[in-house]
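These notes are about the structure you will find just below.
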Amino acid sequence: MGRDLGTRLSAQDAQILTEAKPDIAVMLEAFSSLAAALWAALRPGTVLLGAVAFLFFADFLKRRRPKNFPPGPASLPFVGNSFQLDPEKVHLTLQQGVHTVIGWCEGNEIKGERWLAWHPVGVAGCDHRCLSPFVKKYGNVFSLDFGTFPSILITGLPLIKEALVHQGENFSKRPVMPLQERIFNTKGLIMSSGRIWKEQRRFALTTLRNFGLGKKSLEERIQEEASYLIQMIREENGKPFDPHFIINNAVSNIICSITFGERFDYQDSQFRELLRLLDEVLNLHTSLCCQLYSVFPRIMNFVPGPHQTLFSNLEKLKMFVAEMIENHKRDWNPAEEREFSDAISRK
Numbered sequence: 014m015g016r017d018l019g020t021r022l023s024a025q026d027a028q029i030l031t032e033a034k035p036d037i038a039v040m041l042e043a044f045s046s047l048a049a050a051l052w053a054a055l056r057p058g059t060v061l062l063g064a065v066a067f068l069f070f071a072d073f074l075k076r077r078r079p080k081n082f083p084p085g086p087a088s089l090p091f092v093g094n095s096f097q098l099d100p101e102k103v104h105l106t107l108q109q110g111v112h113t114v115i116g117w118c119e120g121n122e123i124k125g126e127r128w129l130a131w132h133p134v135g136v137a138g139c140d141h142r143c144l145s146p147f148v149k150k151y152g153n154v155f156s157l158d159f160g161t162f163p164s165i166l167i168t169g170l171p172l173i174k175e176a177l178v179h180q181g182e183n184f185s186k187r188p189v190m191p192l193q194e195r196i197f198n199t200k201g202l203i204m205s206s207g208r209i210w211k212e213q214r215r216f217a218l219t220t221l222r223n224f225g226l227g228k229k230s231l232e233e234r235i236q237e238e239a240s241y242l243i244q245m246i247r248e249e250n251g252k253p254f255d256p257h258f259i260i261n262n263a264v265s266n267i268i269c270s271i272t273f274g275e276r277f278d279y280q281d282s283q284f285r286e287l288l289r290l291l292d293e294v295l296n297l298h299t300s301l302c303c304q305l306y307s308v309f310p311r312i313m314n315f316v317p318g319p320h321q322t323l324f325s326n327l328e329k330l331k332m333f334v335a336e337m338i339e340n341h342k343r344d345w346n347p348a349e350e351r352e353f354s355d356a357i358s359r360k
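Per this note's numbering, the sequence shown starts with residue 14, numbered consecutively.
Given below as structure tokens:
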């Protein structure tokens, strides 16, 4: 009985599926026709207009402020308040990755008020003559957008002292931009901050001094590498040539002699390729796509362009460094520190 019921149900299911197949095929055909019609109707101008509208909408969402955010002038999409600053009076301290004059830590309190911010705190200098119109209108605490990055500015000695002295620990972090975060992952001397940065800085300075930083022993390494560089220049026999890569090679060899305890020949194909990748990374870092990545990181992760080449090159460089460290670990003697990588292994 149970077997007959199972057979009967299976037959019914098969019949239902058989009847549904033409319907599914018709739906797929209709969907394909609709997609083809939409694609044919779209024109380059329509696509461009939609892309521009999407970018403006994304910028609008990015600029939304909490209710208690300090007041400030209205800003334009993408350029922020840059157009309102007098270029003859602006004296911003140009530091890589620093886009705020004063940013407030999330949950930080100043004079009893609680502020929120999206980016870690950074500090830069700005001429008071450039800011005086905003101070007169909005007071000693106001907001500006430098490009696409929201910033909170403070003026007046009491508030500056409150922020940088009384609450200096809250304002000691580095601003973390999406591109730098993707590259460095907020690690190392370049992007870390606070207690971790202090420990790494102390360790790096102590170790580098042990290996000759600021001493005559480092001068000897530089002189040795300079002799190789002069030899490479003489091999050109007075002909004009581009010294870019051999100078890069010389500088890199001095760094490698400290970090890995060895130098690389100027004709080493692998090392020359790594120097080329590094040079390309430095050039791509200022490209438009890399700047857009800092504004729309989630979108740009799926968009091809120079920023993807930059990430790929950096992965190759990281693999090279990791391979060098692994090679040194194989013959590492804890009782003897040969170079910086041995000191890190001990740490």
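For each residue, glycine too, the CB sits at the ideal point set by N, CA and C.
Query                                                                                                          : Result
Endpoints, alpha helix (DSSP H) assigned at Ser300                                                             : Taken as a continuous stretch (DSSP letters only), Ser300 belongs to no alpha helix (DSSP H), as it is neither H nor E.
Of the residues Pro86, Ala176, Gly274 and Thr220, the one placed nearest Pro409, counting alpha carbons only   : Residue 409 falls outside the range modelled here, since the chain spans only 14 to 360, and no answer is possible.
Three-pair Cβ contact test at 8 Å for the region 248-266 versus the region 274-281                             : yes
Buried versus exposed, by CB contacts within 10 Å (16 or more), Thr219                                         : exposed
Rounded separation between Val316 and Arg285 - CA only                                                         : 29 Å
Same chain, Cβ closer than 6 Å to Val154, neighbours up to 5 away in sequence not counted                      : Pro83 and Ile167
Range covered by the alpha helix (DSSP H) that runs through Met204                                             : Gly201 to Met204
Cutoff 7 Å; reference Asn326; Cβ partners in own chain excluding five residues on either side                  : Leu290, Glu293 and Val294
Span separating the alpha-carbon of Ala66 from that of Arg77                                                   : 17 Å
Gly135 classed as buried or exposed, judged by whether at least 16 other C-beta atoms fall within 10 angstroms : Note on Gly135: pLDDT 40, under 50, position unreliable in the model; no value is reported.
Proximity below 8 Å, CB of Tyr306 to CB of Leu221                                                              : no
DSSP three-state assignment for Gly93, whether helix, strand or coil                                           : strand
Among Asn314, Glu233, Pro90 and Glu232, the one whose alpha carbon lies nearest that of Ile196                 : Asn314
Heavy atom of the ligand COA within 7 Å of Leu68 beta-carbon                                                   : Looking for the ligand COA in the displayed structure turns up nothing, as the structure carries no ligands at all.
Short Cβ contact (8 Å threshold) for Leu323 with Leu297                                                        : yes
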